[in-house]
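K.L.:
Pasting a structure below so you can have a look.
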Amino acid sequence: MSDGGFATQGTNAAEYSVSELSGALRRTVEDAFGNVRVRGEISGYRGAHASGHAYFTLKDDRARLDAVVWRATFAKLAFRPEEGLEVIAIGRLTTYPGSSKYQIVIDDLKPAGAGALMALLNERRLKLEAEGLFDTARKRALPFMPRVIGIVTSPTGAVIRDICHRIADRFPVHLLVWPVRVQGETSGAEVAAAIEGFNAIQPGGKVPRPDLIIVARGGGSLEDLWGFNDEAVVRAAAASAIPLVSAVGHETDWTLIDHAADRRAPTPTGAAEMAVPVRAELMAQVAALHARLRAGISRQLQQERRALMALARAMPGADMLLATPRRRLDDLAVGLERGLTAYVTGERRRFLSASARLQPGRLAVMIGQKRAHLTELANRSDHALSGRASGARNRFASVAAGLRPSLLDHRLDNGRRRLTPVGAILQQTWERSATRRTERLAGVWRVAASLDPRRVLERGYAIIRDTTGQAITRAEGLSTGQRFSVEFAGGESREAMALDAEGAMARPRRTAKTEHVKPEQGKLF
């Protein structure tokens, strides 16, 4: 075999290596289709790649064409590609030798209208939205700690393994898998039946009822995910009594079940993270809260202890607390002794004064006066009784003329018997009345004697009067230079004059000082 593409023995056909043939095909395609305009519907668009390039497919009802937008071109596009939109792509065709595929490298992109599937999807979305199936008010919060999670997905794909592994890593719970087809004509009916089947499980049965449902599928094109846009699936998700999480496709994929679900997860792994918390984080959080609680209690105890110590330091001792009461007790003891002495002296004077009046001869005179008064009262009573008896006797005599002697005698006897006790009762009543009045008179006399101001003067007090004879009870009633009289016990009085604090009369002051002297000192100044 010769090098450089020479003909082999027995034939004149040129021989190419794979790279040479791929390069020749690439040059041929690029030369023939160096500038084309292609109309098609965008499918499989996932947004810009991490490198900044965008990859998707242009399709119609019979063919598909891979497309790529390089990073520099993507940044300059006035119109960003969107899944399901019909667009006009301007660019050049080229091949990809690594996979023997051809693709269009897009230099510009313009919208040409929505595709058929996108138009049908939008029409269905508007219809279901008008029925209120997508209202946010009907969406419920997910349980914080579900015990059983129902998963609707394919049992053989990578999705179920990712969910199971993620939940096992975060917080292991009981998982129930309802196997369904996630692509194809029957996928929509199977997913709707799975959601309704989980809701039909009765609590307390052999099969536990899920606390949360996850509907999951991996990424794909609009056609691959079309089963999750089925109207039956959307209605089953909206009618589910169990909170439902939709995890269909990647983050940029949107289906109608995403709008009807209580929560939408960007990926199946994200749905697992939404379903359960991280057990280690919960334990750490509980430990942190416990530590904070202990620290808070410790700080509170320390603050209370410091406050108690401060109060203890500020609180005076027993001696300090009892100092004032002790001083008051001593003062009161001294005042009590003086008061008792003054009281005994005053009572002794009163007793001597009373004893002077209670002499035997005077008592005999008073008793004689009282006896004479009682005798006078008795005579008056007898005279009154005699008068009443005479009047009654006269009335009886005038009536007796018209009565029979025997009946009159009988009535006289009865009247005499009734009159005799009445006279005795009247005599007793009069004596008791006279006794009560005598006692009341004595009590009133004692009260009047106790109120006599001269008795107060005998205990060492004096009465100050102005020139008009009015009593002066306060120092404010005296002005400097004003004359007044001081009345002592026994009715004696002396003239005096008010001086200022220095003993002079030059300037009047608000307060006046009154000097007292004993009666034997003569006239006051």
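To convert, note that position 470 of the sequence shown is 470 in the UniProt record's numbering; the numbers rise steadily by one, no gaps.
We treat Cβ as the ideally placed atom computed from N, Cα and C, and that holds for glycine.
If you follow the beta strand (DSSP E) that Ala89 is part of, which residue opens it and which one closes it?
P.N.:
Against the sequence shown, residue 89 aligns to sequence position 89. Ala89 -> beta strand (DSSP E) spans 85 to 96.
K.L.:
Going by beta-carbon coordinates alone, are Glu20 and Leu93 separated by less than 9 Å?
P.N.:
Sequence index remark: in the sequence shown, residue 20 carries index 20 (1-based). Sequence index remark: in the sequence shown, residue 93 carries index 93 (1-based). The answer is no: Cβ separation not under 9 Å.
K.L.:
Would you tell me roughly how many angstroms separate the C-alpha atoms of Gly443 and Lys370, rounded to the nearest one?
P.N.:
Within the sequence shown, residue 443 is the residue found at index 443, counting from 1. Within the sequence shown, residue 370 is the residue found at index 370, counting from 1. Cα to Cα, the separation comes out at about 16 Å.
K.L.:
Round the Cβ separation of Ala216 and Ile151 to the nearest angstrom and send it over; I've been treating them as touching at under 8 Å.
P.N.:
Indexing the sequence shown from 1 puts residue 216 at position 216. Indexing the sequence shown from 1 puts residue 151 at position 151. At roughly 7 Å, the Cβ-Cβ gap stays under 8 Å, so Ala216 and Ile151 are in contact.
K.L.:
State the Cα-Cα distance for the pair Gly47 and Glu273, rounded to the nearest angstrom.
P.N.:
For the purposes of this step, residue 47 is identified with residue 47 of the sequence shown, where counting begins at 1. For the purposes of this step, residue 273 is identified with residue 273 of the sequence shown, where counting begins at 1. Each residue's Cα considered, the two are about 24 Å apart.
K.L.:
Check for me: the beta strand (DSSP E) holding residue 527 runs from which residue to which?
P.N.:
For the chain, the structure presents residues 1 to 525; residue 527 sits outside this window and is missing.
K.L.:
So, at 6 Å on beta carbons, what are the nonlocal neighbours of Val18 in its own chain, with the 5 sequence-adjacent residues on each side left out?
P.N.:
For the purposes of this step, residue 18 is taken as the residue at position 18 of the sequence shown. So no residue of the chain qualifies.
K.L.:
Taking only the alpha-carbon atoms, compute the straight-line gap between Ser100 and Thr57 and give it to the nearest angstrom.
P.N.:
Along the sequence shown, read from residue 1 onward, the residue named residue 100 stands at position 100. Along the sequence shown, read from residue 1 onward, the residue named residue 57 stands at position 57. If you take the alpha carbons of Ser100 and Thr57, they lie about 16 Å apart.
K.L.:
Below 9 Å between beta carbons: does that hold for Ser43 and Ser221?
P.N.:
As a position in the sequence shown, residue 43 is number 43, starting the count at 1. As a position in the sequence shown, residue 221 is number 221, starting the count at 1. Their beta carbons are under 9 Å apart, which means Ser43 touches Ser221 by this criterion.
K.L.:
On a CA-only basis, which of Ala89, Leu65, Pro203 is nearest Arg37? Give me that one, please.
P.N.:
Reading the sequence shown from its first residue, position 37 is the one you call residue 37. Taking only the C-alpha atoms, the option nearest Arg37 is Ala89.
K.L.:
Where in the stretch 366 to 451 do unbroken runs of the alpha helix (DSSP H), each at least 4 residues long, occur, reported from the N-terminal end onward?
P.N.:
405 to 450
K.L.:
Would you mind reading off the limits of the beta strand (DSSP E) that contains Gly40?
P.N.:
Here residue 40 corresponds to residue number 40 of the sequence shown, with the count starting at 1. Taken as a continuous stretch (DSSP letters only), the beta strand (DSSP E) holding Gly40 covers 36 to 43.
K.L.:
Using beta-carbon positions only, say whether Trp226 and Leu117 come within less than 9 Å of one another.
P.N.:
The residue labelled residue 226 in the question sits at position 226 within the sequence shown. The residue labelled residue 117 in the question sits at position 117 within the sequence shown. Going by C-beta atoms, Trp226 is nearer than 9 Å to Leu117.
K.L.:
Give the DSSP-derived three-state secondary structure of Met274 in the structure shown.
P.N.:
For the purposes of this step, residue 274 is taken as residue 274 along the sequence shown, with counting starting at 1. In this structure, Met274 counts as helix in the three-state DSSP scheme.
K.L.:
Can you tell me which of Leu293, Gly491, Lys110 puts its alpha carbon nearest to the alpha carbon of Ala462?
P.N.:
Residue 462 sits at position 462 when you count from the first residue of the sequence shown. Looking from the CA of Ala462, the closest CA among Leu293, Gly491, Lys110 belongs to Gly491.
K.L.:
With DSSP as the reference, identify every bridge partner of Thr153, one or two as the case may be.
P.N.:
The residue given as residue 153 occupies position 153 in the sequence shown. BP columns for Thr153 point to Pro179.
K.L.:
Check Ile195 in the structure and name its three-state DSSP category.
P.N.:
Walking along the sequence shown from the start, residue 195 turns up at place 195. Helix, per DSSP.
K.L.:
Lys59 bridges to which residues according to DSSP?
P.N.:
Within the sequence shown, residue 59 is the residue found at index 59, counting from 1. Glu41, Arg64, per the DSSP bridge assignment.
K.L.:
Would Trp178 be called buried (16 or more neighbouring beta carbons within 10 Å of its own) or exposed?
P.N.:
Within the sequence shown, residue 178 is the residue found at index 178, counting from 1. Around the beta-carbon of Trp178, 16 or more other beta-carbon atoms lie within 10 Å, marking it buried.
K.L.:
Grab the span of the alpha helix (DSSP H) containing Met309 for me, first residue to last.
P.N.:
Reading the sequence shown from its first residue, position 309 is the one you call residue 309. It spans 279 to 314 - the alpha helix (DSSP H) in which Met309 sits, taken as one unbroken run.
K.L.:
What's the C-alpha gap between Asn35 and Trp70?
P.N.:
Here the question's residue 35 lines up with position 35 in the sequence shown. Here the question's residue 70 lines up with position 70 in the sequence shown. Spanning the two alpha carbons is a distance of roughly 16 Å.
K.L.:
How about Thr153 and Val173: are their beta carbons less than 9 Å apart?
P.N.:
In the sequence shown, residue 153 corresponds to position 153, counting from 1. In the sequence shown, residue 173 corresponds to position 173, counting from 1. Not in contact: Thr153 and Val173 (Cβ atoms no closer than 9 Å).
K.L.:
Quick one, which of Leu412, Thr375, Lys76, Ile367 has its alpha-carbon nearest Ala389's?
P.N.:
Sequence index remark: in the sequence shown, residue 389 carries index 389 (1-based). It is Leu412.
K.L.:
Identify every residue that forms a DSSP beta bridge with Leu213.
P.N.:
Here residue 213 is taken as the residue at index 213 of the sequence shown, counted from 1. At residue 213 the sequence reads Ile, which differs from the Leu that was named. Bridge partners of Ile213: Gly150, Leu244.
K.L.:
Tell me which same chain residues have a C-beta within less than 8 Å of the C-beta of Ile195, skipping the five on either side of it?
P.N.:
Against the sequence shown, residue 195 aligns to sequence position 195. Answer for Ile195: Val152, Ile213, Val215, Val233, Ala236, Ala237, Ser240, Leu244, listed in chain order.
K.L.:
Taking 8 Å as the threshold, find out whether the stretch 267 to 283 comes into contact with the stretch 159 to 167 through three or more Cβ pairs.
P.N.:
yes
K.L.:
Among all the DSSP beta bridges, which residues are the ones paired with Val69?
P.N.:
Stepping through the sequence shown from its first residue, residue 69 is reached at position 69. Looking at the DSSP assignment, Val69 forms a beta bridge with Ala54.
K.L.:
Which stretch, first to last residue, makes up the beta strand (DSSP E) that contains Glu231?
P.N.:
For this step, residue 231 is matched to residue 231 along the sequence shown. No beta strand (DSSP E) holds Glu231; the alpha helix (DSSP H) holding it covers 231 to 239.
K.L.:
Report the partner residues of residue 526 according to the DSSP bridge assignment.
P.N.:
Coverage of the chain is limited to positions 1 through 525, which leaves residue 526 absent and any answer about it impossible.
K.L.:
Within the continuous alpha helix (DSSP H) that includes Arg26, where are the two ends?
P.N.:
Stepping through the sequence shown from its first residue, residue 26 is reached at position 26. Residues 18 to 32.
K.L.:
Quick check: what's the CA-CA separation for Lys110 versus Val180?
P.N.:
Counting from 1 along the sequence shown, the entry for residue 110 is found at position 110. Counting from 1 along the sequence shown, the entry for residue 180 is found at position 180. Near 39 Å, if we compare the C-alpha coordinates of Val180 and Lys110.
K.L.:
Nearest CA to the CA of Glu258: which residue from Arg380, Phe228, Leu282, Pro81?
P.N.:
Residue 258 sits at position 258 when you count from the first residue of the sequence shown. The sequence as given places Asp at residue 258; Glu does not occur at that position. Ranked by Cα distance from Asp258, the first of Arg380, Phe228, Leu282, Pro81 is Phe228.
K.L.:
Secondary structure at Val517, three-state DSSP: helix, strand or coil?
P.N.:
The residue given as residue 517 occupies position 517 in the sequence shown. Reliability fails at Val517, whose pLDDT of 39 lies under 50, so the model's placement of it is uncertain and no value is given.
K.L.:
Using the Cα positions of Thr341 and Leu451, report the straight-line distance between them to the nearest angstrom.
P.N.:
Looking up residue 341 in the sequence shown gives position 341. Looking up residue 451 in the sequence shown gives position 451. C-alpha separation (whole angstroms): 21 Å.
K.L.:
Could you pull out every residue in the same chain whose Cβ sits closer than 7 Å to the Cβ of Glu458, ignoring the five residues on either side in sequence?
P.N.:
As a working note, residue 458 is residue 458 in the sequence shown. Once the five neighbours on either side are set aside, the close Cβ partners of Glu458 are Arg349, Ala489.
K.L.:
Less than 9 Å between the beta carbons of Ala75 and Gly52, yes or no?
P.N.:
Working through the sequence shown from its first residue, we reach residue 75 at position 75. Working through the sequence shown from its first residue, we reach residue 52 at position 52. The answer is yes: Cβ separation under 9 Å.
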